[in-house]
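This report refers to the structure that appears directly beneath it.
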Amino acid sequence: QKLRERIAAVQAEIETCEQATSRREAALSKQREHGEAAAPAAAMPGLVVPQRPLPTGHQRRKALLVGINYTTSHAPLKGCVNDLWNLQCLLRHTLQYGDDHLR
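If you want the numbering used here, it's the position in the sequence shown, counting the first as 1, plus 156.
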């Protein structure tokens, strides 16, 4: 029961962060359309705006993130939700993967 509450809280936090990220990405794309430089994301420590241009064919990149806890195992894994969140942040913010390229 406690685990379910924690998962629900993490999922709500992820959704909130995804909404904030979507708003930021919309603002960045608007800035790019007008030729303005993008500022680094100060709210996300450790994530850096790439200095190099995206590779050719970057629209075709895709990523599938899978987290497995094995909760009923004799040795359950812990932290897969956090690991997936960190990987998703890396892909979206540092490597500039779009929402439609992540599952």
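For every residue, glycine included, the Cβ atom is placed at its ideal position computed from N, Cα and C. Predicted model only: the values in this text are computed from it and were never measured.
Buried or exposed for ARG216, going by 16 or more other Cβ atoms inside 10 Å? exposed
Check whether LYS218 and HIS257 have beta carbons under 8 Å apart: yes
Since I believe GLN244 is in contact with LEU116 (beta carbons under 8 Å), could you give me their beta-carbon distance rounded to a whole number of angstroms? Here the chain covers residues 157 to 259 and nothing more, so residue 116 does not appear.
Sequence-distant residues of its chain with Cβ nearer than 7 Å to ALA231 (five each side left out): none
Span separating the alpha-carbon of THR227 from that of SER185: 41 Å
Which of the three DSSP states, helix, strand or coil, is assigned to LEU243? helix
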